[in-house]
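Asker: So that we are looking at the same thing, I have put the structure below in structure tokens.
2 protein chains.
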Amino acid sequence: MQLHISPKDGTPIYAQIVGQVKHLVAAGRLRPHEELLPVRTLAAQILVNPNTVARAYRELESAGVVYTRQGAGTYVAEGGSPLAERERLRLLSVRADALLVEADHLGFTLEEAMEVLRERDAALRNERENSHAES
Amino acid sequence: MQLHISPKDGTPIYAQIVGQVKHLVAAGRLRPHEELLPVRTLAAQILVNPNTVARAYRELESAGVVYTRQGAGTYVAEGGSPLAERERLRLLSVRADALLVEADHLGFTLEEAMEVLRERDAALRNERENSHAES
DNA sequence: AAAATTGTATTAGAGTATCAGTACAATATT
DNA sequence: AATATTGTACTGATACTCTAATACAATTTT
Numbered sequence: 077m078q079l080h081i082s083p084k085d086g087t088p089i090y091a092q093i094v095g096q097v098k099h100l101v102a103a104g105r106l107r108p109h110e111e112l113l114p115v116r117t118l119a120a121q122i123l124v125n126p127n128t129v130a131r132a133y134r135e136l137e138s139a140g141v142v143y144t145r146q147g148a149g150t151y152v153a154e155g156g157s158p159l160a161e162r163e164r165l166r167l168l169s170v171r172a173d174a175l176l177v178e179a180d181h182l183g184f185t186l187e188e189a190m191e192v193l194r195e196r197d198a199a200l201r202n203e204r205e206n207s208h209a210e211s
Numbered sequence: 077m078q079l080h081i082s083p084k085d086g087t088p089i090y091a092q093i094v095g096q097v098k099h100l101v102a103a104g105r106l107r108p109h110e111e112l113l114p115v116r117t118l119a120a121q122i123l124v125n126p127n128t129v130a131r132a133y134r135e136l137e138s139a140g141v142v143y144t145r146q147g148a149g150t151y152v153a154e155g156g157s158p159l160a161e162r163e164r165l166r167l168l169s170v171r172a173d174a175l176l177v178e179a180d181h182l183g184f185t186l187e188e189a190m191e192v193l194r195e196r197d198a199a200l201r202n203e204r205e206n207s208h209a210e211s
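Below is the structure:
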């Protein structure tokens, strides 16, 4: 599991871990039920305190991205989180609004924004293909 | 200018102001060259320190959303910011990635995510229409 | 059963962000 | 020119975030 941490990036280390793991899961580089590195191992690898990794794992569990079994390990959860439809839509709308406001401000049309979205989606899917090929 | 501030929302007051003004501009409720409320007036309206509003206005100016003339006032800027194409694309891609990762995790397909995006865009445009009708 | 490995809990400290108080500078208005 | 109105700069107090240190609990392995 390759994580790239920038201690002085402004964004907290634990948040960087959360974001990158989410991205890895979305990209399929981490498959359901696959075990994440133990907190101490990952902590040693990226040179931070184990608690920092533990916090990231806790947040990921809250988000439904992973599940943990104390003494055993932390594993990638399967399927989407079982949230109510209304809540799923609300969460996605927040991101959509952010994208639209940013796009408008940057002078992109809706069509252009959607084109960018398609391209980024293709990039994500490409990562997924590569990761399957590797393993 | 109607702003809804939640002092204990977790997100800083100045950030709430920034976000809502950006949204208002994107929705056309604030037109180019329109004057924002003076820092003291808005501060009194939402019951915060003028400095907090001033900070928000400063951030908005850095973002190219408004321009300020000391002694005169703060006004909505026109057009998109004159950023390099590469930078514009990068900024939008950040939002797009966030949307896609979230969508994947929530179990939305790309098509569904794009549909949500269209709906939210329609909602934004609707706000715009209403604000024009009002004024 | 013992030891090793894993996640968890609690506490504390350093740093930073947030906001308020006050005084200042530039522009507009009278 | 004088006054009022606007944004700005500086300082400081408080609260909170982030990280680390240490000890604990549950599970797996030997």
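Top to bottom, those sequences are chains A and B. Sequential numbering of the first sequence, starting at 77, is according to the numbering used here. Sequential numbering of the second sequence, starting at 77, is according to the numbering used here. Beta carbons: idealized from backbone N, C-alpha and C, even for Gly.
1. Measuring CB to CB, does Leu175 of chain A end up less than 8 Å from Leu193 of chain B?
2. Give a yes or no on whether 8 Å exceeds the smallest Cβ distance from Ser169 of chain B to chain A.
3. Mind checking whether Ala189 of chain B and Leu168 of chain A have CB atoms under 8 Å apart?
4. Could you round the C-beta distance between Arg171 of chain A and Glu178 of chain B to whole angstroms and report it? I think they count as a contact, below 8 Å.
5. Does the Cβ-Cβ distance between His152 of chain B and Val129 of chain B come in under 8 Å?
6. Using a cut-off of 8 Å between C-beta atoms, extract the partners of Arg196 of chain A located in chain B.
7. Residues of the segment 126–143 of chain B with a CB closer than 8 Å to any CB of chain A: list them in chain order, please.
8. Report the three-state DSSP secondary structure of Gly149 of chain B (helix, strand or coil).
9. Any C-beta of chain B within less than 8 Å: which residues of the segment 179–193 of chain A qualify?
10. Assuming Gly140 of chain B and Glu111 of chain B make a contact with CB atoms under 8 Å, what is their CB distance in whole Å?
11. Could you work out which residues of chain B lie near Ala102 of chain A, taking near to mean beta carbons separated by less than 8 Å?
12. If you draw a straight line from the C-alpha of Leu53 of chain A to the C-alpha of Ser207 of chain B, how long is it?
13. Straight-line CA distance for Ala132 of chain B to Glu187 of chain B?
14. With 8 Å as the threshold, decide whether the Cβ of Leu200 of chain A is near any Cβ in chain B.
15. Roughly how many angstroms separate the alpha carbons of Leu165 of chain B and Leu159 of chain B, rounded to a whole number?
16. Roughly how many angstroms lie between the CA atoms of Arg201 of chain A and Phe184 of chain B, to the nearest whole one?
17. For Lys84 of chain A, count neighbouring C-beta atoms within 10 Å of its own C-beta (all shown protein chains included) and say buried if the count is 16 or more, exposed if not.
18. Going by beta-carbon coordinates alone, are Leu113 of chain A and Met77 of chain A separated by less than 8 Å?
19. Alpha carbon to alpha carbon, how far is Arg134 of chain A from Tyr143 of chain A?
20. Take His109 of chain A and list the residues in its own chain whose beta-carbon comes closer than 7 Å to its own, dropping the five residues that flank it on each side.
21. Who does Thr144 of chain B pair with in a DSSP beta bridge?
22. So, Asp180 of chain B versus Ala119 of chain A, is the Cβ gap smaller than 8 Å?
23. If the cut is a Cβ gap below 9 Å, which residues of chain B does Lys84 of chain A touch?
24. Would you mind stating whether Gly95 of chain A and Arg204 of chain A have Cβ atoms separated by less than 8 Å?
Answerer: In this structure, then:
1. yes
2. yes
3. yes
4. 5 Å
5. According to the sequence displayed, residue 152 of chain B carries Val and not His. Cβ distance not < 8 Å, so Val152 of chain B and Val129 of chain B don't count as in contact.
6. Ser169, Ala172, Asp173 and Leu176
7. Ala139, Gly140 and Val141
8. strand
9. Ala179, Asp180, His181, Leu182, Gly183, Phe184, Leu186, Ala189, Met190, Val192 and Leu193
10. With a Cβ gap of about 17 Å, Gly140 of chain B and Glu111 of chain B do not count as contacting.
11. Leu176, Val177, Asp180 and His181
12. A question about residue 53 of chain A goes unanswered here, because the residues of chain A that appear run from 77 up to 211.
13. 36 Å
14. yes
15. 10 Å
16. 14 Å
17. exposed
18. yes
19. 9 Å
20. Tyr151, Val152 and Glu154
21. B:Thr150
22. no
23. The premise fails here: Lys84 of chain A is roughly 19 Å from chain B at the closest Cβ pair, so nothing lies under 9 Å.
24. no
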